[in-house]
Structures are given as structure tokens and as C-alpha cells.
Amino acid sequence: MNWQTNSVSIRMRNVARTLGLTRLVGHFLARRGYEAAFDDAMFAEIGPGDTVWDVGANVGYYTAKFANQVGVDGQVIAFEPFPQTFATLFEAVSGLPNVTAISRGLGRETSSMNMVDGGDELGANSQIVEGEPDAGIKVEIMTADDAHDTLCLALPNVVKVDTESFELDVLLGMPNLLMEPTLRALFIEVHFSLLADRGLSSAPSQIERLLTEAGFKTHWVDASHIAAIRDRRNA
Numbered sequence: 097m098n099w100q101t102n103s104v105s106i107r108m109r110n111v112a113r114t115l116g117l118t119r120l121v122g123h124f125l126a127r128r129g130y131e132a133a134f135d136d137a138m139f140a141e142i143g144p145g146d147t148v149w150d151v152g153a154n155v156g157y158y159t160a161k162f163a164n165q166v167g168v169d170g171q172v173i174a175f176e177p178f179p180q181t182f183a184t185l186f187e188a189v190s191g192l193p194n195v196t197a198i199s200r201g202l203g204r205e206t207s208s209m210n211m212v213d214g215g216d217e218l219g220a221n222s223q224i225v226e227g228e229p230d231a232g233i234k235v236e237i238m239t240a241d242d243a244h245d246t247l248c249l250a251l252p253n254v255v256k257v258d259t260e261s262f263e264l265d266v267l268l269g270m271p272n273l274l275m276e277p278t279l280r281a282l283f284i285e286v287h288f289s290l291l292a293d294r295g296l297s298s299a300p301s302q303i304e305r306l307l308t309e310a311g312f313k314t315h316w317v318d319a320s321h322i323a324a325i326r327d328r329r330n331a
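Each residue of the sequence shown is one higher than the last, beginning at 97 in my numbering.
Set out below in C-alpha cells:
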């Protein structure tokens with residue numbers, strides 16, 4: 097287990113969140129190019145001809161970059177469930193022939209859930225609402241395995257996940273895809289605070305364990321981003 101997911105680190109994160117320190121740290125890191133190392137690690141694993149699944153594509157910032165990276169022989173499949181955000185995403189990628197945008201989210205089961213607008217300009221903070229049937233807008237959720245089978249999608253070589261505390265749910269919905277040798281790497285933003293709000297403080301360690309059991313080597317690129325690369329010795 098890495099230091100990011102041991103019980104002491106989790107408790108320290110929760111204390112910092114209670115004191116309002118995580119937001120201050122987040123603003124500081126954002127100004128210093130916080131995700132640059134994550135981007136570098138992710139794009140180093142993507143090459144021409146690859147298929148990339150962009151789970152939680154938002155308005156398509158990464159989607160467009162992935163499309164350029166995989167080239168004309170590759171493809172990008174972008175999942176975004178929130179209608180307003182999906183409309184922006186669809187418009188942004190409409191001129192990219194190697195991108196397929198799907199107006200659904202991925203989760204641990206195929207169902208419908210309610211989602212609320214996060215209120216930010218880019219829609220990056222829109223979230224699933226649990227236990228509030230009248231809140232927000234109903235969105236469709238599929239498991240990744242069901243999406244592959246029923247929508248006839250190409251197997252991914254690389255998967256990026258940014259789903260605002262539903263990253264464990266995404267992995268639990270793709271047991272078959274996780275075992276596919278074609279899948280070389282996953283890059284996941286782990287939302288510790290939001291997971292804690294859902295009562296899932298142990299989810300980061302569960303994510304590590306699921307990936308390791310599926311044959312991936314994991315490492316934390318930074319405090320909130322985990323990379324999982326297929327261990328070819330077990331392939």
C-alpha cells in the first residue's frame with residue numbers, strides 16, 4: 097500500500113478537509129501546474145492507432161488532445177452524462193472524425209441516477225446525487241463492460257477516469273475489461289474528499305487493490321492521481 101492510501105494519510109486528509117486546508121492547497125497547486133506530471137505520464141502511454149476511453153470527458157479538454165495523440169488510425173470514446181456539459185463536448189469534438197461522444201456515465205451498474213450542476217463555468221464539478229430522487233437531472237449510467245458489449249465499442253488501450261468520487265464505481269463496473277490484455281494503462285483522478293463525503297474513505301486503497309489484482313503496477317503520479325500500467329510479466 098502506498099502512503100497516499102494508508103489509514104494515517106487518510107485521517108490526515110480528512111482533518112485537513114475539515115479545517116478547510118485542502119482547498120487552499122488545491123488552489124496553490126493549480127497555480128503551479130499541478131496536473132503537469134499526470135499529463136506527461138498519461139500521454140507517454142498513448143500512441144498512434146490507440147483507442148482511448150475518456151471517462152468523465154467533461155467539455156472535451158483531454159478528448160481533443162487524445163484525438164490528436166492517437167491520430168487518424170486511432171479513436172477516442174468520450175463519456176459524459178450531464179446534458180449541458182455533453183452538449184458542449186459534442187460541439188467541441190464534432191469536427192474530429194476519430195472521436196465518438198456518448199451521453200452516458202460509467203458506474204458499477206447499468207441504471208439511471210440524478211446529477212446536479214456544479215455551478216462552475218466548465219461543468220467540472222457536476223456530481224451524481226445519491227438518495228435525493230427529486231434533485232438535479234436524471235442521467236443514464238452504464239457499466240463499462242455493458243457499454244463495450246451493447247454499444248459495440250472498441251476495446252480500450254488506455255482509460256482516463258475523472259468522475260468526481262465515482263472512480264471506484266467505474267472500476268467495479270469493468271471487471272471483464274480490466275482483464276483484457278489490450279488494456280495497457282489506466283489514469284485515474286482520485287477525489288479523496290468527495291469519496292469521504294460518500295462514506296468511502298477506503299475507496300482509494302480499494303482502487304489500488306482492484307488494479308493490482310487485475311495485473312497492473314500502480315504508482316501515484318501526485319497526491320491525487322494514480323497511474324496503472326499493465327505488468328507484462330503477468331500478461
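Note that CB positions come from ideal geometry on N, CA and C, so glycine has one too.
In this text the structure is predicted, and so the values were computed from the model without any measurement.
Between residue 281 and residue 312, the CB-CB gap stays under 9 Å. Cα atoms of residue 133 and residue 321: separation of roughly 9 Å, rounded to the nearest angstrom. Of all alpha-carbon atoms in 146, 269, 288, 205, the one lying nearest the alpha-carbon of residue 278 is that of 146.
Note on residue 187: under 16 other CB atoms within 10 angstroms of its CB, so exposed under the neighbour-count rule.
When the five nearest sequence neighbours on each side are left out, the beta carbons in the same chain lying within less than 7 Å of the beta carbon of residue 234 are those of 208, 210, in order along the chain.
When the five nearest sequence neighbours on each side are left out, the beta carbons in the same chain lying within less than 7 Å of the beta carbon of residue 240 are those of 202, 266, 269, 270, 273, in order along the chain. DSSP places residue 294 outside both helix and strand once states are collapsed to three, so it counts as coil.
Residue 279 sits in coil when the DSSP states are folded into three classes, being neither helix nor strand.
Judged by their CB atoms, residue 303 and residue 249 are not nearer to each other than the 9 Å cut-off.
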